[in-house]
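Step one of this worksheet: look at the structure below.
Residue numbers (our numbering): 22 to 208.
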């Protein structure tokens, strides 16, 4: 039987079982947190959405994948009036894991759903239609794609070596007003 054969191989020192189980790549990546205090202005929301996009792209590149779409959402406190929630899906022209493209798409979606005069309590970015990098066939003459992939790989290597805050997008973390609530953090 197959079990007996694998046992014999193991006794002879030939590995027959993969020591690390393969984890299927995610098909959707969400980065979202509640704000520590209500956010009213668009600039602060842009900082938060850019940061969430950077976090989502970091997870995306770790699994060597690319996304074909971005969803951005914002919402107010659900138990306080007036309540507002808005979301927008942006389809990317080609699948990508290039941070500037994803941040630009997320910010354009934010501009569409933002309404002045609300106290926003949460925002988020979701990368959708994710597949592995080698799944797509690109144009042979599309050289910017190769440069983007090289830049993304370099950024990932720097972040792995020096930490995720070593190199970031220009908008990421510009102001600390929107940082998440930490009032129930364990000691």
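Glycine is no exception: its CB is placed at the ideal position from the N, C-alpha and C atoms.
This structure is a prediction, so every number in the text was calculated from the model and none was measured.
Whole-angstrom C-beta distance between residue j and residue i, which should lie under 8 Å
i           : j           : result
residue 143 : residue 80  : 19 Å between Cβ atoms; not a contact.
residue 131 : residue 66  : 6 Å
residue 77  : residue 117 : Going by Cβ atoms, the distance from residue 77 to residue 117 rounds to 12 Å, so no, they are not a contact pair.
residue 71  : residue 24  : Between residue 24 and residue 71 the Cβ distance is about 53 Å, and since that is not below 8 Å, they are no contact.
residue 139 : residue 105 : 5 Å
residue 120 : residue 75  : 6 Å
residue 154 : residue 109 : Contact doesn't hold; Cβ gap of about 26 Å is too wide.
residue 73  : residue 53  : 6 Å
residue 47  : residue 111 : With a Cβ gap of about 19 Å, residue 47 and residue 111 do not count as contacting.
residue 49  : residue 115 : Actually they are not in contact, since the Cβ atoms of residue 49 and residue 115 sit about 19 Å apart, beyond 8 Å.
Bridge partners - residue i, DSSP secondary structure assignment
i           : result
residue 73  : DSSP, once it has assigned bridges, lists no residue as partnering residue 73.
residue 53  : 145
residue 2   : Nothing can be reported for residue 2, as the shown portion of the chain is limited to 22 through 208.
residue 153 : 86
Limits of the unbroken beta strand (DSSP E) element including residue i
i           : result
residue 92  : 86 to 97
residue 107 : 106 to 117
Endpoints, alpha helix (DSSP H) assigned at residue i
i           : result
residue 121 : 120 to 134
residue 27  : 23 to 32
8 Å Cβ cutoff, residue i in contact with chain D
i           : result
residue 169 : As a matter of chain content, chain D is missing from the structure shown, which is built from one protein chain.
Does the region 79 to 93 come close enough to the region 144 to 152 that 3 or more CB-CB pairs lie under 8 Å?
yes
Quick test of the definition: if touching needs 3 or more C-beta pairs under 8 Å, does the region 71 to 87 touch the region 134 to 141?
no
Under 8 Å, with one C-beta from each stretch per pair, do the region 113 to 130 and the region 39 to 49 reach the 3-pair mark?
no
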